[in-house]
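Per my numbering, the very first residue in the sequence shown carries number 1; after that it's consecutive. We put the beta carbon where it would ideally sit given N, CA and C, even for glycine. From a predicted model like this one, the values you see are computed outputs, not experimental measurements.
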Amino acid sequence: MKRLFGKACAFLAAALFAGGLTVSSAQAEKIRIALAETPSDELAAFFVALDRAKANGLDYEWTAFSDEELAIQAVLSGQMDIGFGTPYAAMQKSKAPIRIIFQLSKLKFFPVTSKKYSKLEDLDGEPIMLHSRGGGTDSIANVIEDRLGIKFGERSYVPGSANRIVALIAGQTDATIVDLSNKNKLMKQEGDKFNVLPMFEVDASDEALFANLDWIKANEADVDIFVKALLSVYRDMTKDPTIISRETDPNGPIGQLPPEVLGNLDTFYTDAVEGGLYDADGGGRKAAKADMEWYSAAGQLTGSPESLNIEDFWYLKPLDDAKM
C-alpha cells in the first residue's frame, strides 16, 4: 500500500528484509531494484517479466524493503535505481526528477463490512480500519468522503489486508478496506456474514515502477528491455492468466513460496485480470490522468488535476517505444 514520503534514509539499512533477498553481490552495471515488499503471489507477474528481461540481456539485482516509503527513499538517495510505489508526494516535494514509467497495478480495493452496513453512506461517522496513515486505503477513504459527502469516524491502522480480514472476522472492526484477493477469500469462506459495499471505479495506480529521469536516460537500453518485458507479460496474462504459473521459475523467489500459494496462482491471476487489477498497456497516459485526479483528491498532490502536468510525474517514452 501507499505511504507518503517523509522517513529518513538512516532507517534504510534496518528495513532490508532478512534472508539474503539481494539476488547477488552489487555491481555497478546491474540495475538495482527496490521492492516495497517481500516476494508474494502479487509479485509473480513481475518476476516473470524479470526472467524475460534477463533472457534479453538485462542484468539486475533486487532488494526487498519492509516499507514502500523506504523503497522510495532508496531511489531518491541513489542507493537503488528503480522502485515500487506511487511516490507522488515525493515527486512534487523533491528536487530529484523522479518519474513513473509503468503502472504495475490499479487501486482495486474493496470496502468490506459486517452486516450492520449495506452502502458506503452508512459509514458516515462510523469507525474504519485501514492499512496505514497516509497510505493507499487512507487515500481511498479520503476520496470516498469527498465524493459522497460523508465523514468516517475514528480511523485505526492495521497493515496487511489479510490481517484486517482477521480483525473483521474476530469482531475487532465492523468496516475495513482490503485488496481483491482477500476480499474474495472472505466472501468465499464467510460471505453470509459480511457485505462488500458498492464502490466506484478506480483507474489510479496502486503500484507503479519509477526511477530518476537522469538515470532512465543514461540507461535507456536497459530500461527499454525491462519495459518491453513487462508489457509482454501484462498483455499475455490479460489473454491467459495461467501464463504466470507456467512461466514462474521453480528455483526463483516465487517458486520458493509455500505450495498452497503456488497452487493458487492461476486463481489469483484469473480473478485479478477479471477484476481489472492490471492494465494490459501498462497504464500510460490514461493511468497518469487518473493518478492526477485521484492523488489530488486524496491530498497527496497539491493543486487541481487540471493544473498538474503529467510529464512532471510520468516519463512515457519507454512505454510508447515498447508499444511500437
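- The Cβ neighbour count for GLU154, taken over all protein chains shown within 10 Å, is under 16; the residue is labelled exposed.
- In this structure, the alpha-carbon of GLU42 lies about 13 Å from that of ALA208.
- In the assembly as shown, PHE200 is an exposed residue. Its beta-carbon has fewer than 16 other beta-carbons within 10 Å.
- Taking a C-beta distance under 8 Å as the contact criterion, LEU123 and ALA175 qualify as a contact pair.
- Two segments are said to touch when three or more pairs of C-beta atoms, one from each, lie closer than 8 Å; by this definition the region 304-320 does not touch the region 73-84.
- Annotated three-state conformation of THR63 is strand, per DSSP.
- When the beta-carbon positions are compared, ILE98 and LEU120 stay at least 8 Å from each other.
- Under the three-state reduction of DSSP output, LEU308 falls in the coil class, being neither helix nor strand.
- Residue TYR269 holds the alpha-carbon nearest to the alpha-carbon of ASN184 among PHE65, ASP321, TYR269.
- Counting C-beta pairs closer than 8 Å gives three or more between the region 202-221 and the region 289-296, which meets the contact rule.
- In this structure, the beta-carbon distance from ILE31 to ASP59 falls below 8 Å.
- GLU68 counts as buried, since no fewer than 16 other beta carbons sit within 10 angstroms of its beta carbon.
- Residues LEU130, HIS131, SER132, ARG133 of the same chain have their beta carbon placed closer than 7 Å to that of TYR157, with the five preceding and five following residues left out of the count.
- Rounded to the nearest whole angstrom, the CA to CA distance from GLY255 to ASP146 is 42 Å.
- Ranked by Cα distance from TRP314, the options ALA297, ILE216, THR248, SER181 are led by ILE216.
- Ranking ALA90, VAL223, GLY136 by CA distance to the CA of ASP312 puts ALA90 first.
- In the three-state DSSP reduction, GLN103 falls in the strand class (E or B).
- Per DSSP, the beta-bridge partners of PHE84 are LEU209.
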